[in-house]
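Participant:
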Amino acid sequence: MSTSFFYIQAERNDKNNSFLRKLEAYADEIKQQIYVLDRPLGDSKYSYGYSGGVVLLIPNYKIIFMDFDDSAEEFEGFVEDFIEDLGSISDKYRYKNVIGRPRFWREELIATVSYSSIDDGDVGFFLGEYLIPGGENKKKCELLISLLTGSINDIEKIKGGVPDNLLDKVKRKILLFDGDQTRFVYQRSDKRRITIQGLSGTGKTELLLHKLKEIYVESKDSKVIFTCHNKILADSLRGRIPDFFNFMKVEEQIKWNERLWCVNAWGGQADRNSGAYSYICSFYGIPFHRYNTSNNFDIVCKRALQDLEDVDVNVVGFAFDYMLVDESQDFTKNFFDLCEKVTKNTVYVAGDIFQSIFDSNIVSEIQPDFLLSKCYRTDPKTLMFAHALGMGLFEFPKLRWLEDREWKACGYLVDKEEGSLNYSLSREPLRRFEDLENEGYTSIELVKTSQQLNEDAETKIIEIIRTIRAENPTVLADDIGIIFIDSGKNTYMSADKLELSIPREFGWAVNKAYESKEKIKDTLFVSNKNNVKGLEFPFVICVTKRINDQRNYRNALYMMITRSFLRTYLLISEDSNVELAVQLEHGLKVINDTGRLEVVAPTAIECEQIKTTITFNDENVSLYDFSNTIFDELDVIPLFRAPLLDIVKKAVGDELDYGLIREVIEFNYAVMNRAQQ
Numbered sequence: 000m001s002t003s004f005f006y007i008q009a010e011r012n013d014k015n016n017s018f019l020r021k022l023e024a025y026a027d028e029i030k031q032q033i034y035v036l037d038r039p040l041g042d043s044k045y046s047y048g049y050s051g052g053v054v055l056l057i058p059n060y061k062i063i064f065m066d067f068d069d070s071a072e073e074f075e076g077f078v079e080d081f082i083e084d085l086g087s088i089s090d091k092y093r094y095k096n097v098i099g100r101p102r103f104w105r106e107e108l109i110a111t112v113s114y115s116s117i118d119d120g121d122v123g124f125f126l127g128e129y130l131i132p133g134g135e136n137k138k139k140c141e142l143l144i145s146l147l148t149g150s151i152n153d154i155e156k157i158k159g160g161v162p163d164n165l166l167d168k169v170k171r172k173i174l175l176f177d178g179d180q181t182r183f184v185y186q187r188s189d190k191r192r193i194t195i196q197g198l199s200g201t202g203k204t205e206l207l208l209h210k211l212k213e214i215y216v217e218s219k220d221s222k223v224i225f226t227c228h229n230k231i232l233a234d235s236l237r238g239r240i241p242d243f244f245n246f247m248k249v250e251e252q253i254k255w256n257e258r259l260w261c262v263n264a265w266g267g268q269a270d271r272n273s274g275a276y277s278y279i280c281s282f283y284g285i286p287f288h289r290y291n292t293s294n295n296f297d298i299v300c301k302r303a304l305q306d307l308e309d310v311d312v313n314v315v316g317f318a319f320d321y322m323l324v325d326e327s328q329d330f331t332k333n334f335f336d337l338c339e340k341v342t343k344n345t346v347y348v349a350g351d352i353f354q355s356i357f358d359s360n361i362v363s364e365i366q367p368d369f370l371l372s373k374c375y376r377t378d379p380k381t382l383m384f385a386h387a388l389g390m391g392l393f394e395f396p397k398l399r400w401l402e403d404r405e406w407k408a409c410g411y412l413v414d415k416e417e418g419s420l421n422y423s424l425s426r427e428p429l430r431r432f433e434d435l436e437n438e439g440y441t442s443i444e445l446v447k448t449s450q451q452l453n454e455d456a457e458t459k460i461i462e463i464i465r466t467i468r469a470e471n472p473t474v475l476a477d478d479i480g481i482i483f484i485d486s487g488k489n490t491y492m493s494a495d496k497l498e499l500s501i502p503r504e505f506g507w508a509v510n511k512a513y514e515s516k517e518k519i520k521d522t523l524f525v526s527n528k529n530n531v532k533g534l535e536f537p538f539v540i541c542v543t544k545r546i547n548d549q550r551n552y553r554n555a556l557y558m559m560i561t562r563s564f565l566r567t568y569l570l571i572s573e574d575s576n577v578e579l580a581v582q583l584e585h586g587l588k589v590i591n592d593t594g595r596l597e598v599v600a601p602t603a604i605e606c607e608q609i610k611t612t613i614t615f616n617d618e619n620v621s622l623y624d625f626s627n628t629i630f631d632e633l634d635v636i637p638l639f640r641a642p643l644l645d646i647v648k649k650a651v652g653d654e655l656d657y658g659l660i661r662e663v664i665e666f667n668y669a670v671m672n673r674a675q676q
């Protein structure tokens, strides 16, 4: 299996194969990203007549042109043409204003080598000669690598000199696709369905956008649909596509509802272009079925497949040439079978392998073509702590445990003692956070309030923001997210107090996102846990009073802690978490000191008890019982329960979506409380 640290697009042959195999092994051994190309990726117009040359691209090293044919004159022409094209690509994406023309960086950043002149026995020794010592040249070289691999960065965000503080270092970090991501975007395949899975934050949606751009540009007469289950997400993606195409300098005009559709999966009968299912029904003239209590989306897709048995798709034609599906965990097999039935070429499917830490089936029977195990949003230590807290790994009894193959699928390296229950779990390092490793930075901090010291959440939050500002002089209001995990009156009272104290203390406006329903520029984001999906911040302050064992609560903790890409502060009440606080502090210290999650696995009997608990909690309940459980969690007084239940019925129908129902109840309960006051 190919390592994610190595990507090769150049063709292997008898002359280069031995060296390239050693290079791949070396990349995996030292966890260093290495690309081997014979032309720039992302634009098919670039090609060269000389087949004996390859280009090695390695962050922090010069760009190395290697000649395996010993044909000096032809190799020199290959190098000259390649650098000329690289300069052209640099100009296209406006990098030239930052790195200059090729004549300014060629001598410092380009090396040419004849394979016959080196001893490839020690790849590390060979590469050491081309290590770049200076910070500014390293940055220029990474920018060139990003251009050649199609991993284009926003030059406006990363331009400027080498930063002198961690916030700007991480913000301006040049992001490069790893080997798996690059293979998904550029690798050709004749398969009817290509599946990628990974944790939240592994870049799945971004990869689908890059794949969409590749298809749209290269297949100029193709019909492409980008779909997902959720209408709000589909609307958001439709808005992102033009911006992404402009950013990637796509010259083809977007022909909406002619060549490109971006819609939710169902749609309405009155508008064929409102959904994937509605378009398919209209295109083939088969019945459209609306939602009702006996018709869910899985059933209507099954009926559509049955109706299409009487249609010769090869004669009538295919509805689409390509289909891209995001958030695939929201769909069933019938939908994917329908997609394949009406799509001429390939259906690309992306989903979250770990949408909930209590998912009973982390690894599906259908193995993905690309398993993205690296979470690029969050520092590995933060992710380890979030998983441990979410699953209760520092506690007894534990709330969740994964099998070895599930740990590996989620990106963990598993090391366990033979005949013992002791597990040592770790994650591979990420380039985005290498500066944090070098400076001994802690990406997760446990902060406690004490009644004895007259401390409350609001004063601690103000203290944390002061610390962030002192350590990061360039921090902006947008860089901080404050998320309240708990619900109820006290949460909204705290948010109201912050709305007054933060502008007075720091001169920043506050955006209460549970009211605005959006992230507003130049404001400090304050929210409950229901309005944070898809967002990330350099700094996150998660606030909760008492850590309880409810599954939805622990899952929310896991999701909210991993919203940060620099540091998360978990703010808890010491008085309400006396024993657990000690366990968390010890577990966190081990993670920070060793970079590992050291845990004792549950026994076989304990594992069965865990599975039984999860199964019991997954049993179907009525909307009435489901809502009343949330009423109990929020301490909703009896007077308001009946009208709130009516509101829930009108807002969500029969769909038992915990997050949505809780958000509806929280919002309307707060409105009712204020009206009564």
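For what it's worth, numbering that gives the first Met the number 0 labels the leading residue of the sequence shown as 0, then goes sequentially. For glycine and all other residues, C-beta sits at the position ideal for the given N, C-alpha and C.
Just to check my reading of the structure: W507 and A476 have Cβ atoms closer than 8 Å, yes? What is that Cβ distance to the nearest angstrom?
Facilitator: 4 Å
Participant: Using C-beta distances below 7 Å, list every residue in its chain close to A600, excluding the 5 sequence neighbours before and after it, in chain order.
Facilitator: If we look at A600 and ignore the five residues flanking it on each side, its Cβ neighbours are W400, L420, Y422.
Participant: Can you tell me whether N108 is buried or exposed, with buried defined as 16 or more other CB within 10 angstroms of its CB?
Facilitator: In the sequence as displayed, the identity of residue 108 is Leu instead of Asn. Buried, by the Cβ-count rule.
Participant: Got a sec? Which residues, its chain only, sit under 6 Å from N554 by beta carbon, not counting five neighbours each side?
Facilitator: S355, I356
Participant: Report the rounded CA-to-CA distance for V598 versus A387, giving the unit in angstroms.
Facilitator: 9 Å
Participant: Across the stretch 234–244 and the stretch 295–309, are there enough close Cβ pairs to call them in contact, namely three or more that are closer than 8 Å?
Facilitator: no
Participant: Fully enclosed by the stretch 37–64, which beta strand (DSSP E) runs are 3 residues long or longer?
Facilitator: Fully enclosed beta strand (DSSP E) runs of 3 or longer: 52–56.
Participant: What is the rounded straight-line gap between the Cα of R630 and the Cα of Y552?
Facilitator: The question names Arg, but residue 630 is Phe in the sequence shown. If you take the alpha carbons of F630 and Y552, they lie about 15 Å apart.
Participant: Can you give me the C-alpha to C-alpha distance between V35 and E251, rounded to a whole angstrom?
Facilitator: Taking the straight line from one Cα to the other gives about 29 Å.
Participant: In or out: Q32 buried (at least 16 other Cβ within 10 Å) or exposed?
Facilitator: buried
Participant: If you draw a straight line from the C-alpha of G533 to the C-alpha of V184, how long is it?
Facilitator: 22 Å
Participant: When you compare each of C227, T226, L259, K230 to P241 by their alpha carbons, which one comes out closest?
Facilitator: Nearest option by C-alpha distance: L259.
Participant: Exposed or buried, what is D617 when buried is set at 16 or more other beta-carbons lying within 10 Å of its beta-carbon?
Facilitator: Note that D617 scores a pLDDT of 44, beneath 50, so its modelled location is shaky; the value from the coordinates is reported in the next line. By the neighbour-count rule (16 or more Cβ atoms within 10 Å), D617 is not buried but exposed.
Participant: Please classify H585 as buried or exposed, where buried requires at least 16 other C-beta atoms within 10 Å of its C-beta.
Facilitator: exposed
Participant: Which of the three DSSP states is assigned to K332 in this structure?
Facilitator: helix
Participant: If contacts are defined as beta-carbon pairs under 8 Å, then V324 and V348 qualify, I think. What distance do you get, rounded to the angstrom?
Facilitator: Indeed, because the Cβ distance is near 5 Å, the residues count as touching under 8 Å.
Participant: In chain order, what residues of the same chain lie with their CB nearer than 8 Å to the CB of N164, ignoring the 5 residues before and after it?
Facilitator: E470, N471, P472, T473
Participant: Which residue's Cα is closest to the Cα of Q268: G284, I253, I173, D179?
Facilitator: G284
Participant: Use the C-beta contact count for E141: other C-beta atoms within 10 angstroms, 16 or more gives buried, fewer gives exposed.
Facilitator: buried
Participant: With distance defined between alpha-carbon atoms, name the residue in C300, I88, R38, E607 nearest to V78.
Facilitator: R38
Participant: Of all the beta strand (DSSP E) runs that stay within the bounds of the stretch 208–265, which reach a length of 3 or more residues?
Facilitator: List check, beta strand (DSSP E) in window: 223–227, 259–263.
Participant: Roughly how many angstroms lie between the CA atoms of E339 and V577, to the nearest whole one?
Facilitator: 55 Å
Participant: What do you reckon, are the CB atoms on L570 and I460 nearer than 8 Å?
Facilitator: yes
Participant: For E665, which residues from the same chain have a beta carbon less than 6 Å from its beta carbon, with the 5 sequence-adjacent residues on both sides left out?
Facilitator: S486
Participant: Using 8 Å as the Cβ pair cut-off and three pairs as the minimum, do the stretch 87–105 and the stretch 0–9 touch?
Facilitator: no
Participant: So what does DSSP say about Y440, is it helix, strand or coil?
Facilitator: Correct three-state label for Y440: coil.
Participant: What did DSSP end up calling L357 once you bin it into helix, strand or coil?
Facilitator: The sequence given here places Phe at residue 357; Leu does not occur at that position. Correct three-state label for F357: coil.
Participant: If you follow the alpha helix (DSSP H) that G127 is part of, which residue opens it and which one closes it?
Facilitator: 122–127
Participant: Quick check: the stretch 401–408 against the stretch 522–536, are there 3 or more CB pairs under 8 Å?
Facilitator: no
Participant: Taking contact to mean 3 or more Cβ pairs, one atom from each stretch, closer than 8 Å, check whether the stretch 373–385 and the stretch 189–208 are in contact.
Facilitator: yes
Participant: Which residue marks the beginning of the alpha helix (DSSP H) containing N489, and which one marks its end?
Facilitator: 488–505
Participant: Between L556 and L412, what straight-line distance do the alpha-carbon atoms span, to the nearest angstrom?
Facilitator: 23 Å
Participant: Does DSSP put R673 in a helix, in a strand, or in coil?
Facilitator: Helix, per DSSP.
Participant: Suppose the cutoff is 6 Å on Cβ atoms and the five residues either side in sequence are ignored; what does the same chain contact list for N619 look like?
Facilitator: For N619, the predicted structure reports a pLDDT of 48, less than 50, and the residue's modelled location is therefore unreliable. The matter cannot be settled from this model.
Participant: Please tell me whether F67 and K139 are closer than 8 Å, where the distance is taken between their beta carbons.
Facilitator: no
Participant: Does the beta-carbon distance from V635 to I646 come in below 8 Å?
Facilitator: no
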